[in-house]
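Here UniProt numbering is used: position 512 in the sequence shown is 512, and no number is missing along the way.
From the three backbone atoms N, C-alpha and C, an ideal C-beta is built for every residue, glycine too.
All values derive from a computational prediction rather than experimental measurement.
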Amino acid sequence: MMLWRSVVVKVWGTIIILVSFVLLVLTILMLEFIENYQVDEAEKELTQLANKVSTIMEAHEDQSIARSITWELTDELTHILIVKDKDTYWNSPNESNDIPHLNIEDIAKDPVLESVLEKDQKISKRTNLANPTKQIANAEDAVLIVGVPYKVSEFENGAVFISQSLLSVRETTKLTTNYIILAAGIAIVLTTIFAFFLSTRITYPLRKMKEVAQELARGKFETKVPIMSQDEIGDLGIAFNQMGKQLTFHINALNQEKENLSNILSSMADGVITCNINGSILVTNPPAERFLQAWKYEQGIDMRMNDELPPEVKNLFQHVVKTEKEQMLEIMLQGRSWVVLMSPLYNQSDVRGAVVVLRDMTEERRLDKLRDDFIANVSHELRTPISMLQGYSEAIVDDIASTDEEKKEIAQVIYDESLRMGRLVNELLDLARMEAGHITLNLEEISVPQFIDKINRKFQGLAKEKTISLHSNIDLNESLYVLDPDRIEQVLTNLIDNAIRHTSEHGSVLISVASKENDLMIKIQDTGSGIPQEDLPFVFERFYKADKARTRGRAGTGLGLAIVKNIVEAHQGKIQVHSKLGEGTTFSILLSRKELDS
1 MMLWRSVVVK VWGTIIILVS FVLLVLTILM LEFIENYQVD EAEKELTQLA
51 NKVSTIMEAH EDQSIARSIT WELTDELTHI LIVKDKDTYW NSPNESNDIP
101 HLNIEDIAKD PVLESVLEKD QKISKRTNLA NPTKQIANAE DAVLIVGVPY
151 KVSEFENGAV FISQSLLSVR ETTKLTTNYI ILAAGIAIVL TTIFAFFLST
201 RITYPLRKMK EVAQELARGK FETKVPIMSQ DEIGDLGIAF NQMGKQLTFH
251 INALNQEKEN LSNILSSMAD GVITCNINGS ILVTNPPAER FLQAWKYEQG
301 IDMRMNDELP PEVKNLFQHV VKTEKEQMLE IMLQGRSWVV LMSPLYNQSD
351 VRGAVVVLRD MTEERRLDKL RDDFIANVSH ELRTPISMLQ GYSEAIVDDI
401 ASTDEEKKEI AQVIYDESLR MGRLVNELLD LARMEAGHIT LNLEEISVPQ
451 FIDKINRKFQ GLAKEKTISL HSNIDLNESL YVLDPDRIEQ VLTNLIDNAI
501 RHTSEHGSVL ISVASKENDL MIKIQDTGSG IPQEDLPFVF ERFYKADKAR
551 TRGRAGTGLG LAIVKNIVEA HQGKIQVHSK LGEGTTFSIL LSRKELDS
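Pasting the structure below:
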């Protein structure tokens, strides 16, 4: 079946059929023409012969001599019948039983032949003597008869009938037919070879174009069609190659646009989901995939199913498609706050889907909460000293204190509260500058053992007052490090002060300093009350206090550890806390020597 669908076979078959049909028609017409031509020529010859015999019979008085001369003019296929009247006639002596010839009885049966005698007319006729109704063209007994009258006497007319079998014409036609059929066969063979060669040559560029088209379908756009001629097929090949170039250009442009779009989507911080009109997901980027995975994990859905939207988003999608307006929704998922912004996608004038932008607002909401908590905490922290300042000031104004000792005590309270307010304001300003990145470090090379010894001596008095053992342990490969001594002293002061305040009598506080892969590791370890597990993640936040029941006298502002964290991070370091309730707390500070030296 594939062979008959080939263009080569179709062109070759068309040429063969066309040529065969033309040769068949020409053969039939030529055979008919040759046969008629030969019969006409035979008829002319017989007519001339009949006229000669008639002239001979009229010119000789001795009829026997005339007949002798006439018989000499016959051949094997020709028969002469001389009729004086219906009862007197002569046949040529060389008649053959195998060849049909005219008899006197045939003349009596045929009015046309009889008219030569009766009406003195010349006739020429083809007939079948054995069966006049049989077709002459197919008859084996077909003969050609020519009749010519002649004068026997002044008042009497005779007739000369010459009949000739058409076997000779048929033999000649058969021989001619054989030659024509042979010539037609040779012509068909030559035409077949020529048609196959021509069709192959014509269709070769088309077959190459087919191969190139298949290569293009497989993605090999650099394949070209060889140009083998300057005709229409060559122009088609040139146009095909130009089409391939344009296709390559447009494919590259589309790939580049697709790659740019993919890079843009992948690099976006916001999640993007594109949906079709049925709500099925078409395109997602990594943040959107994380959103969907979080929803599937929360709902216990198979992670491999990625064409389904959460119910809240799906309801929003239906509303967007219905109203053709942008809609927004905020949902909580796995402890994170997501804002969903959905807009309709149009196909000309019809909505064909929607694009969903997912923005993780967790940090913004946390910052909003921190801001609100900050205002609340600052107000709360300032309310107590302001209230105390106001109350004791009123006591002085109203002259409630009657003795100098009471006045001095009231003044001392006012002084302490004002110091506390000043310390709170200063710490807030320091923390604000640090978080804004405006902290300035005065780096210098110091001896760490001497620095730690200074800090240790600073808190020995407070430790002895609370009956707490405060000591240090130093194990360094090198004693000199580059850092800001004032800021690090502020960090250690805060941590050691907290450790002493939260450690009961007869407890201990250990300051450990050691080298860790050329970095400086400082640990403040106490045996105090410890920090609850649920409070550990929040100890470095502003105004956070683990012991909510502590009084505010020496409880601090809740900003110390936040300031500590900012100072450590300004030194390109890290701070961690480990604690067990009732066993103690350890703060670990890692300062990178490489970062500090640079």
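{"Asked": "Three-state class that DSSP yields for Pro286 in the structure shown", "Found": "helix"}
{"Asked": "Backbone CA spacing between Glu417 and Ala395 [nearest angstrom]", "Found": "15 Å"}
{"Asked": "Under the three-state DSSP convention, the category Ala269 falls into", "Found": "coil"}
{"Asked": "One or two residues paired with Tyr37 in a DSSP bridge", "Found": "Paired residues: none, contrary to the question."}
{"Asked": "For Gly584: DSSP bridge partner residues", "Found": "Lys580"}
{"Asked": "Short Cβ contact (9 Å threshold) for Ile488 with Ile563", "Found": "no"}
{"Asked": "Reduced DSSP secondary structure (H/G/I, E/B, other) of Met332", "Found": "strand"}
{"Asked": "Of the residues Ala142, Gly158, Ser337 and Tyr150, the one placed nearest Leu166, counting alpha carbons only", "Found": "Ala142"}
{"Asked": "Nearest neighbour of Phe197, chosen from Val9, Leu561, Gly530 and Ile331 [CA to CA]", "Found": "Val9"}
{"Asked": "Secondary structure of Leu470, DSSP reduced to three states", "Found": "strand"}
{"Asked": "CA nearest to the CA of Thr192, picked from Gln214, Leu261, Ala159 and Ser20", "Found": "Ser20"}
{"Asked": "Straight-line gap, Thr274 to Asp535 (C-alpha atoms, nearest Å)", "Found": "41 Å"}
{"Asked": "Buried or exposed by the 16-neighbour rule on C-beta atoms within 10 Å, applied to Asn498", "Found": "buried"}
{"Asked": "DSSP bridge partner residues for Gly147 (one or two, in chain order)", "Found": "Ile123 and Phe161"}
{"Asked": "Alpha-carbon to alpha-carbon, Gln572 and Ser592", "Found": "7 Å"}
{"Asked": "Reduced DSSP secondary structure (H/G/I, E/B, other) of Gly422", "Found": "helix"}
{"Asked": "Contained beta strand (DSSP E) runs [length at least 3] in the segment 335-365, N- to C-terminal order", "Found": "336-347 and 350-360"}
{"Asked": "Beta-carbon proximity of Pro287 to Gly300, cut-off 9 Å", "Found": "no"}
{"Asked": "C-alpha distance - Ala555 paired with Ser393, whole-angstrom precision", "Found": "For Ala555, the predicted structure reports a pLDDT of 49, less than 50, and the residue's modelled location is therefore unreliable. A value from the coordinates is still provided. Roughly 24 Å between the two C-alpha positions."}
{"Asked": "Leu102 - DSSP class collapsed to helix/strand/coil", "Found": "coil"}
{"Asked": "Opposing strand residues paired with Val513 [DSSP bridges]", "Found": "Ile474 and Ile522"}
{"Asked": "Phe587 versus Ile107, Met521 and Val355, residue with shortest Cα-Cα distance", "Found": "Met521"}
{"Asked": "Backbone secondary structure at Gln293 - three-state DSSP", "Found": "helix"}
{"Asked": "Own chain, CB closer than 7 Å to residue 601, minus 5 neighbours either side, in chain order", "Found": "Because the chain is modelled from 1 through 598, residue 601 falls outside the range shown and cannot be assessed."}
{"Asked": "Backbone CA spacing between Val513 and Leu590 [nearest angstrom]", "Found": "10 Å"}
{"Asked": "Collapsed DSSP secondary structure at Asn566 in the structure displayed", "Found": "helix"}
{"Asked": "Same chain, Cβ closer than 6 Å to Asn241, neighbours up to 5 away in sequence not counted", "Found": "Lys224 and Val225"}
{"Asked": "Start and end residues, beta strand (DSSP E) containing Val539", "Found": "Premise fails: Val539 is in no beta strand (DSSP E) and is neither H nor E."}
{"Asked": "As assigned by DSSP and simplified to three states, the class of Val482", "Found": "strand"}
{"Asked": "Element boundaries [alpha helix (DSSP H), containing Thr177]", "Found": "Leu167 to Ala217"}
{"Asked": "Residues bridged to Ala142 [DSSP beta-bridge criterion]", "Found": "Asn128"}
{"Asked": "Closest Cα partner of Leu102 within the set Val340, Phe451, Ala59 and Arg126", "Found": "Arg126"}
{"Asked": "Residue of Pro93, Val83, Asn128 and Trp295 minimising C-alpha distance to Val152", "Found": "Val83"}
{"Asked": "Alpha-carbon spacing of Met2 relative to Gly13, whole angstroms", "Found": "For Met2, the pLDDT reaches just 48, beneath the cut-off of 50, and the residue's location in the model is therefore unreliable, leaving the point undetermined."}
{"Asked": "Counted within 10 angstroms of its Cβ, other Cβ atoms place Ala137 as buried (16 or more) or exposed", "Found": "Annotation note: pLDDT 48 at Ala137 (below 50); position unreliable, coordinate value reported separately. So Ala137 ends up on the exposed side."}
{"Asked": "Residue nearest to Ser54 in terms of C-alpha spacing, selected from Met30, Tyr37, Glu32 and Lys122", "Found": "Lys122"}
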